[in-house]
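Take a look at the structure set out below.
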Amino acid sequence: MIHVLIVDDDKLARKGLIAMMPWSSYGMEIVGDVPNGARALEFLAHNAVDLMFVDLAMPVMSGIELMREVRKSYPNVDFVVLTFHENFEYVQAALRLGALDYISKAELESENYDQIFSRIIRKLEGKKQHVLLDEQDSRYSEYDQETEINENVWEEIKQEWYKLYWLYDDDVFAELCLRLKENRIPMRRVEQLFIKLLVMVESATNIKEENLPDSRSIDAAIEWIKCYREALICKAVQASDLGAMPVCIIKAVAFIKENINMPIREEEVAYHVNMSRSYFSQNFKKITGLTFNDYIKKQRVSMAKKLLTDPNRTVADIAQTVGYEDVKYFSRVFYEQVHVSPSRFRQQLSTNSNDC
1 MIHVLIVDDD KLARKGLIAM MPWSSYGMEI VGDVPNGARA LEFLAHNAVD LMFVDLAMPV
61 MSGIELMREV RKSYPNVDFV VLTFHENFEY VQAALRLGAL DYISKAELES ENYDQIFSRI
121 IRKLEGKKQH VLLDEQDSRY SEYDQETEIN ENVWEEIKQE WYKLYWLYDD DVFAELCLRL
181 KENRIPMRRV EQLFIKLLVM VESATNIKEE NLPDSRSIDA AIEWIKCYRE ALICKAVQAS
241 DLGAMPVCII KAVAFIKENI NMPIREEEVA YHVNMSRSYF SQNFKKITGL TFNDYIKKQR
301 VSMAKKLLTD PNRTVADIAQ TVGYEDVKYF SRVFYEQVHV SPSRFRQQLS TNSNDC
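Reading the sequence shown from the start, the letters are residues 1 to 356 in the UniProt record's numbering.
Here it is in structure tokens:
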């Protein structure tokens, strides 16, 4: 049996969760329920626990703080976090700490109990399988120099993926995919990273896509994440329910791309996703990592760099195509981003091509 501890400061929520969910049907047994993180640590000191359902927003010790403490002393304990959709940042932090999954209170209210538990059990079994495979890999490749990677580099790559900026920026996505290949990240680690990203994206957008299939190569895994990203963006753009903030931003980004050759005002994009300008501005920066104006400039320059590969197009024509009527202003923005003028950038492309 999987021994479960529920940690939530709301007593009614704890008792309701215990009563509603089909624990025994999925091989789980409730061994305790406590109101905060401090009490949870006391319980763990005297009882065997395999899985904890943890509310993220609690007094005395938050769910995130509790997870950090438990990770230190009880690394084999798994977590499922309980949250509301608006706690997206907390959910991201929990998933970075290794939470298996999240359950939104709204999802509980809709009584999708079997769907929730099937998902959790699937991930528990997947984790066990990964542990066994990792142990097997370590026996066969402990001295295999080809699979060695710099742990600091790998940690940096993971953190960049976890920010989820790649959902909103094609260049960031392409760069992260390239880094996986250039650093020859072992397939097992890439697979584990993508599985965790699936949970994070589901948490952020409330949009569920197909799980990652077994991939035999980095190229196959990257091709899958590309298709996954495209399908996710398509669903977000078509979504009528804009309750999840990242869905709003995905929709805003799609609107920007469609109108990149036109003057784009922040108020116009905010209106497109049914938000006030100030609220949109605040959340756009938080989610994409860039201000609205900086994002527009980056996307226009990125498009211009591609167009500059065509020798038949003038710089003035390209400036207009990416939304700048004033070619001098375009050149200044381009220089700020690329550190060379558009003309010089084109010359460098030509030189590099001739060298090849």
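Even for Gly, the Cβ is constructed at its ideal location relative to N, Cα and C.
Only a predicted model underlies this, so the values are computations on that prediction, with no experimental measurement involved.
- Per DSSP, reduced to three states, the secondary structure at G32 is strand.
- Short of 8 Å from the beta carbon of M200, and not among the five residues preceding or following it, lie these beta carbons of its own chain, in chain order: V91, Q92, L95, Y162 and L164.
- DSSP places S104 outside any alpha helix (DSSP H); the residue lies instead in the beta strand (DSSP E), whose first and last residues are D101 to S104.
- The beta carbon of I157 lies closer than 6 Å to those of R179 in the same chain, with the five residues before and after it left out.
- Its chain contains L97 as the residues whose beta carbon lies nearer than 7 Å to that of R68, once the 5 sequence neighbours on both sides are disregarded; these appear in chain order.
- Contact between the stretch 308-317 and the stretch 258-266 is absent: fewer than three C-beta pairs spanning the two stretches fall below 8 Å.
- The residue among S25, N47, L197 and K11 with its C-alpha nearest the C-alpha of P35 is K11.
- Residue pairing by DSSP places T288 in no beta bridge whatsoever.
- When the beta-carbon positions are compared, V54 and E29 stay at least 8 Å from each other.
- Rounded to the nearest angstrom, the gap between the Cα atoms of Q115 and M275 is 32 Å.
- In this structure, the CA atom of F173 is about 42 Å from the CA atom of G16.
- Distance from the CA of V49 to the CA of S25, rounded to the nearest whole angstrom, comes to 18 Å.
- Taken in chain order, the complete alpha helix (DSSP H) segments of 4 residues or longer contained in the UniProt domain "HTH araC/xylS-type" (250-348) are 266-272, 277-288, 292-307, 315-321 and 327-338.
- Among the bridge pairs identified by DSSP, D171 is matched with none.
- Secondary structure note for L66: its alpha helix (DSSP H) is the uninterrupted segment G63 to S73.
- Taken through DSSP and simplified to helix, strand or coil, D55 comes out as strand.
- By the Cβ-count criterion, G323 is buried, with 16 or more other Cβ atoms from all chains shown falling within 10 Å of its own Cβ.
- Counting along the chain, L12 sits inside the alpha helix (DSSP H) bounded by residues K11 to M20.
- Just so you know, the alpha carbons of I222 and D101 end up roughly 23 Å apart.
- The closest CA to that of A220, considering only E266, V190 and V70, is found on V190.
- Within the DSSP bridge table, the entry for F43 names no partner.
- Straight across, the Cα-Cα distance linking V60 with A99 is about 21 Å.
- Here D78 carries a strand assignment [DSSP, helix/strand/coil].
- DSSP places I6 in the uninterrupted beta strand (DSSP E) bounded by I2 to V7.
- With fewer than 16 other CB atoms across the displayed protein chains lying within 10 angstroms of its CB, V340 is exposed.
- For the pair L198 and I250, the CB atoms are not nearer than the 8 Å cut-off.
- Of the other Cβ atoms in all chains shown, fewer than 16 fall within 10 Å of the Cβ of K226; this residue is therefore exposed.
- Taking the CA atoms as reference points, E266 sits about 15 Å from T288.
- With a beta-carbon spacing of about 6 Å, I207 and A236 fall inside the 8 Å limit used to define contacts.
- Burial is judged here by how many other beta carbons sit within 10 angstroms of a residue's own beta carbon; Q347 has fewer than 16 and is exposed.
- Take the alpha-carbon of T321 and the one of F255: they are about 16 Å apart.
- At a Cβ-Cβ threshold of 8 Å, V301 and V333 count as neighbours.
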